[in-house]
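Student:
In the numbering used here, the protein residues as written are 73 to 171.
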């Protein structure tokens, strides 16, 4: 898949798939605003985390028969890996300290 985000082209065929993670996305529709006034309503989606050869990160997920891509910073990628793929995080960034 190919995405153009903020003037940069992200091609998943040329990127390394790092892990499968999960991320919460806000659902802001007329129905959710009517049913839950003043509250944030959302859904957690299974996502794929990708890294380019230049070190840029991409998060993709499927929703309603479409695939969406979101460029993210390394800090968010690290946070997602810590929560959902700790072994991959430790291979890429070093071991986490014991509690």
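Beta carbons are placed, not taken as given, at the ideal position from N, Cα and C, and that holds for glycine.
#1: Indicate the three-state DSSP secondary structure (helix, strand or coil) for residue 91 in the structure shown.
#2: Given a cut-off of 8 Å, decide if residue 144 and residue 131 are closer than it, judged by their beta-carbon atoms.
#3: Use the C-beta contact count for residue 125: other C-beta atoms within 10 angstroms, 16 or more gives buried, fewer gives exposed.
#4: Tell whether a beta-carbon distance below 8 Å holds between residue 77 and residue 141.
#5: I need the DSSP call for residue 168, collapsed to helix, strand or coil.
#6: Using alpha carbons as the reference points, say which of 170, 117, 104, 92 lies closest to residue 138.
Tutor: Let me lay it out:
#1: strand
#2: yes
#3: exposed
#4: yes
#5: coil
#6: 117
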